[in-house]
Amino acid sequence: MNYDNDDDNNELLSEINIIPFVDVMLVLLILFIITAPLLTPNAVKIELPKASSQKISETVNKIVLAIDQKGNIFWNDEAITREEYHIRLKQAAQKKPIPELHLRAHKETQYQNIAQIMSDAQKAGISRLGFMTEPVK
Numbered sequence: 173m174n175y176d177n178d179d180d181n182n183e184l185l186s187e188i189n190i191i192p193f194v195d196v197m198l199v200l201l202i203l204f205i206i207t208a209p210l211l212t213p214n215a216v217k218i219e220l221p222k223a224s225s226q227k228i229s230e231t232v233n234k235i236v237l238a239i240d241q242k243g244n245i246f247w248n249d250e251a252i253t254r255e256e257y258h259i260r261l262k263q264a265a266q267k268k269p270i271p272e273l274h275l276r277a278h279k280e281t282q283y284q285n286i287a288q289i290m291s292d293a294q295k296a297g298i299s300r301l302g303f304m305t306e307p308v309k
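Heads up: the sequence shown begins at 173 in our numbering, then just goes up one per residue.
And the structure:
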């Protein structure tokens, strides 16, 4: 028997086989590429403006219209009905210059009521509309 050949086969390999390591790393890389878009939400991030109020100069040519949470209308702090509101809007639109309509609504007022008021003002011919807010304290 020749033991010289066996000595060659019994030597330790000093090189690391990196092919399985590379295969595993490529699989992990593909998994990360596929799952990374799923981890981020699809929402568009925007910066919303902060509300700040300024005191409105006292002009004679303005109408302050308030709406409470029940939908009641107040024309310059005087409670009126919807019919009176339509009549007063038409009269205000006839004036020269056309007055500004300043809208103040309670925070629990339904948007439908506010949208109806704005639509009625536009139909009457009042083009300048502003919203009144409470100053941030």
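Just so you know, even glycine gets a beta-carbon here, dropped at the ideal spot from N, CA and C.
- Taking the CA atoms as reference points, Q263 sits about 11 Å from E256.
- DSSP, read as helix, strand or coil, puts R276 in strand.
- Apart from the 5 residues on each side of it in sequence, R276 sits with its Cβ closer than 6 Å to the Cβ of A238, M304 in its chain, given in chain order.
- At a Cβ-Cβ threshold of 8 Å, I289 and I270 do not count as neighbours.
- No residue range can be given for I190, since it is assigned to no beta strand (DSSP E) and is classified by DSSP as neither H nor E.
- In the three-state reduction of the DSSP assignment, L211 falls in the helix class.
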